[in-house]
Amino acid sequence: MRHVIALDVGGTGMKAALVGVDTTPSGGSPSGPPVLLHQARRATGREHGPDAVVDGILDFAAELRAHGERHFGEPAAAAGVAVPGIVDEQQGIAAYAANLGWRDVPLRDLLAERLGGIPVALGHDVRTGGLAEGRIGAGRGADRFLFVPLGTGIAGAIGLDGRVEAGAHGFAGEIGHVVVRPGGIPCPCGQRGCLERYASAAAVSEAWAAACANPEADAADCAKAVASGDPNAVRVWRAAVDALADGLVTALTLLDPRTLIIGGGLAEAGETLFTPLRDAVRQRVTFQKLPSIVPAALGDTAGCLGAGLLARDLLTTTDPSEVTA
Numbered sequence: 003m004r005h006v007i008a009l010d011v012g013g014t015g016m017k018a019a020l021v022g023v024d025t026t027p028s029g030g031s032p033s034g035p036p037v038l039l040h041q042a043r044r045a046t047g048r049e050h051g052p053d054a055v056v057d058g059i060l061d062f063a064a065e066l067r068a069h070g071e072r073h074f075g076e077p078a079a080a081a082g083v084a085v086p087g088i089v090d091e092q093q094g095i096a097a098y099a100a101n102l103g104w105r106d107v108p109l110r111d112l113l114a115e116r117l118g119g120i121p122v123a124l125g126h127d128v129r130t131g132g133l134a135e136g137r138i139g140a141g142r143g144a145d146r147f148l149f150v151p152l153g154t155g156i157a158g159a160i161g162l163d164g165r166v167e168a169g170a171h172g173f174a175g176e177i178g179h180v181v182v183r184p185g186g187i188p189c190p191c192g193q194r195g196c197l198e199r200y201a202s203a204a205a206v207s208e209a210w211a212a213a214c215a216n217p218e219a220d221a222a223d224c225a226k227a228v229a230s231g232d233p234n235a236v237r238v239w240r241a242a243v244d245a246l247a248d249g250l251v252t253a254l255t256l257l258d259p260r261t262l263i264i265g266g267g268l269a270e271a272g273e274t275l276f277t278p279l280r281d282a283v284r285q286r287v288t289f290q291k292l293p294s295i296v297p298a299a300l301g302d303t304a305g306c307l308g309a310g311l312l313a314r315d316l317l318t319t320t321d322p323s324e325v326t327a
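The sequence shown begins at 3 in this note's numbering and counts up by one.
And the structure:
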């Protein structure tokens, strides 16, 4: 069975799949949602250093190729891999990732060599997840969308007509570093008052742990306390929602998306987040058109599914470097 390799590399774990390739009767472009033929996970192993992480990725990909040959009668036709940090999709280089410790890794070429010369696409993890949400998830059918996962940090994926914009230098969508509180909390990026220092799951966890004097408390605990009416939790949550709304209104003013997709750990709070967030955004817009604000649909599978879509896209292009997340 014709298939591709999909690999999503995270700070602590890797998710992978072999994805079936469905083509049109005329042999044209792959169509339909990805069909997962095989799934696997393993630790990233970042505690062993960046070289060991790269070796682990290559070994994992080779194992997936061998599994496909054994069970489906042929090797994978292409591969897609999503990685965190700064990514040069055009050149296929994993430029920098603080949580993995690597710099300027020619990951696309390394994988292509290890996998017998098949085409390989390299994508940024959030943009690749956004690609999946846009094509087969919560943004399906929207010509313009913005995908914003709220996790340890905040990033974004700008969706335009079935693709996700990387930008001239690979930084498009970095909404987490929009300054929403000038002169505020210092950010590791060098600025003060960045959105992710107020509205990420990590920021809410930090604020709630301080407010309730429990260093083990996290954002999920805060959401539960909000639902029970705890005034301290409501205050912490409100501050995060207000900051998030300020950042999102800046983004929608610039990008005019039809759909705004919110994902990541904080979105798991459901309407505890979405009801006040929709209200806060609505109160802030003036001339802008209010987009639909919806939860992400694919959860932690988005990156892997997006990597599969990148790999499928390679089967219809003669130049793998033209395919970007």
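Beta carbons: idealized from backbone N, C-alpha and C, even for Gly.
Q: Entirely within the stretch 253 to 279 and at least 3 residues each: give me those beta strand (DSSP E) ranges in chain order.
A: 261 to 265
Q: Report buried or exposed for Leu256, applying the criterion of at least 16 other Cβ atoms within 10 angstroms of its Cβ.
A: exposed
**Q.** Where Thr318 sits in the DSSP three-state scheme
**A.** coil
**Q.** Residue burial classification, Lys17 (beta-carbon count within 10 angstroms, cutoff 16)
**A.** buried
Q.
Just to confirm the assignment: which complete beta strand (DSSP E) runs, minimum length 3, are found wholly within the stretch 41 to 116?
A. 81 to 85, 88 to 90, 95 to 99, 104 to 107
Q. How would you call Gly29, buried or exposed, if buried means at least 16 neighbouring beta carbons within 10 angstroms?
A. Model confidence at Gly29 stands at a pLDDT of 40, short of 50, so the residue's coordinates are unreliable and nothing is read from them.
Q. DSSP three-state call for Cys306: helix, strand or coil?
A. helix
Q.
Tell me the rounded alpha-carbon separation between Arg7 and Asp244.
A. Here residue 7 turns out to be Ile, not Arg, going by the sequence shown. Distance between the alpha carbons of Ile7 and Asp244: 41 Å.
Q) Considering only residues of the same chain and omitting the five flanking positions on each side of Ala100, which have a CB-CB separation below 6 Å? A) none
Q. From which residue to which residue does the alpha helix (DSSP H) around Ile138 run?
A. 127 to 138
Q: Ignore the nearest five residues each way along the sequence and tell me which others in Asp10's own chain have a CB closer than 6 Å to its CB.
A: Lys17, Ala84, Gly305, Cys306, Ala309
(Q) Which complete alpha helix (DSSP H) runs does the stretch 120 to 208 hold, if anything under 4 residues is left out? (A) 127 to 138, 198 to 201
**Q.** Anticipated Cβ contact below 8 Å, Arg137 with Val122, distance rounded
**A.** Actually they do not touch by this definition, with Cβ atoms about 20 Å apart.
Q) Are the Cβ atoms of Leu148 and Gly131 separated by less than 9 Å? A) no
Q: Measuring alpha carbon to alpha carbon, tell me which of Gly87, Leu102, Pro108, Ala114 ends up nearest Ala79.
A: Ala114
Q. Which of the three DSSP states, helix, strand or coil, is assigned to Leu20?
A. strand
Q: Taking 9 Å as the cut-off, decide whether the C-beta atoms of Ala211 and Ala219 are in contact.
A: yes
Q: Look up Asp10 in the DSSP assignment and say whether it is helix, strand or coil.
A: strand
Q: Identify whether Pro233 lies in helix, strand or coil by the three-state DSSP scheme.
A: helix
Q | Whole-Å CB distance - Cys276 paired with Ile295, under 8 Å assumed | A | Looking at the sequence shown, residue 276 is not Cys but Phe. Yes, they are in contact, since the Cβ atoms of Phe276 and Ile295 sit about 7 Å apart, within 8 Å.
Q.
Relative to the C-alpha of Thr46, which candidate in Gly12, Ala227, Ala64, Ala271 has its C-alpha closest?
A. Gly12
(Q) For Phe290, tell me which candidate among Thr318, Ala170, Val251, Leu317 has the shortest Cα-Cα distance. (A) Contrary to the premise, residue 290 reads as Gln rather than Phe in this sequence. Nearest option by C-alpha distance: Val251.
Q. When DSSP labels each residue in this structure, what does Val287 get in the three-state scheme?
A. coil
(Q) Let me check understanding here. Comparing Cα to Cα, which of Arg129, His171, Arg183, Thr288 lies closest to Ile160? (A) Arg129
Q) Which class does His39 belong to by DSSP, given the choice of helix, strand or coil? A) With the sequence shown as reference, residue 39 is identified as Leu, and His is not the correct amino acid for it. Correct three-state label for Leu39: strand.
Q) Val206 and Ala242 look like a contact to me (Cβ under 8 Å); what is the Cβ gap, rounded to whole Å? A) 5 Å
**Q.** Supposed close pair Gly172, Ile88 - CB separation, criterion 8 Å
**A.** 6 Å
Q) Apart from the five residues on each side of it in sequence, which residues of its chain come closer than 8 Å, Cβ to Cβ, to Ala282? A) Val243, Asp244, Leu246, Ala247
Q.
Among Arg199, Ala168, Gly139, whose alpha-carbon lies nearest the alpha-carbon of Gln92?
A. Ala168
Q.
Quick check on DSSP: helix, strand or coil for Gly301?
A. helix
Q.
Measuring straight from C-alpha to C-alpha, what distance separates Ala203 and Ala222?
A. 8 Å
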